[in-house]
Amino acid sequence: MGCPSHLVMLFTVSAGKNGEDLGSDEEQIVFLVFLLYDVTNNKVVSLQSHFVKPQPNDLTETVLTDECKEETGLEENAVRNGQHLDVVLEELDRFLVAKGVHPDQGGRSFCFMTDGPCHIRQCIQHEACSKNMTLPSYFYRFYNLRKEFRKRYDAGPVENIKAMLDCILLLRH
């Protein structure tokens, strides 16, 4: 994979388990953050966050699990007032066009970067498939920050970005 001129950092929160267990319970996405980073100029271009309203579930009126509320601080009303995933992903597509990095619009190169594969593979791709949504091809190419970190620092499994930073700081001393 060549070096892109831009990275889109992507972060998802599900209505259920998050962190290391993100996506394992197949709960719907309730919050999506994307940050566009210009690699060439070493600067953040733009940041957007969106509450994602889950599809109705006949079994429960509760949108977020207690574990999700405690871990993320998200509130039910904010999520209930969000847009459905297809609308949020369309907004991401428009965002990429507006920022000049959409591949179908002759934009500069970009690639997603995530903290582990779960944000895209177990959340976005899985949920899109279960809702019969077609994802743009750019959702099938991404940098897994944890994997790249392990390659560079010959580190064992790392749990999160804080653990990666701690490892780097230890290596500097």
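Quick note on our numbering: the sequence shown kicks off at 783 and runs consecutively. For glycine and all other residues, C-beta sits at the position ideal for the given N, C-alpha and C.
Alpha carbon to alpha carbon, how far is residue j from residue i? Give it in angstroms, no decimals.
| i | j | result |
| --- | --- | --- |
| D848 | G864 | 19 Å |
| F762 | P899 | Here the chain comprises residues numbered 783 to 955, so residue 762 is not present and cannot be evaluated. |
| K944 | D897 | 11 Å |
| L874 | D936 | 34 Å |
| G882 | G888 | 8 Å |
| C850 | V821 | 33 Å |
| D948 | L927 | 15 Å |
| M915 | K933 | 34 Å |
| Y922 | H908 | 12 Å |
| Q904 | A910 | 10 Å |
| G855 | R876 | 28 Å |
| H884 | V790 | 11 Å |
Determine, using beta carbons only, whether residue i and residue j come nearer to each other than 8 Å.
| i | j | result |
| --- | --- | --- |
| P836 | V812 | yes |
| F892 | H788 | yes |
| K913 | L867 | yes |
| I902 | F924 | yes |
| V870 | V845 | no |
| S831 | L818 | no |
With DSSP run on the structure shown, which of helix, strand or coil describes residue i?
| i | result |
| --- | --- |
| Q810 | coil |
| C850 | helix |
| S919 | helix |
| D886 | helix |
| L789 | strand |
| Q837 | coil |
| V861 | helix |
| D875 | helix |
| D948 | helix |
| D820 | strand |
| K825 | strand |
| V845 | coil |
| S891 | coil |
| V940 | coil |
| H901 | helix |
| H866 | coil |
Can you check which of these residues, the options, is closest to residue i by C-alpha distance?
| i | options | result |
| --- | --- | --- |
| S919 | Q830, L856 and D886 | D886 |
| N942 | L856, N824 and F793 | F793 |
| P838 | V790, E809, C911 and E853 | E809 |
| V861 | V795, E853, C911 and L917 | V795 |
| E872 | N824, L917 and N823 | L917 |
| N824 | V879, L878, V940 and P786 | P786 |
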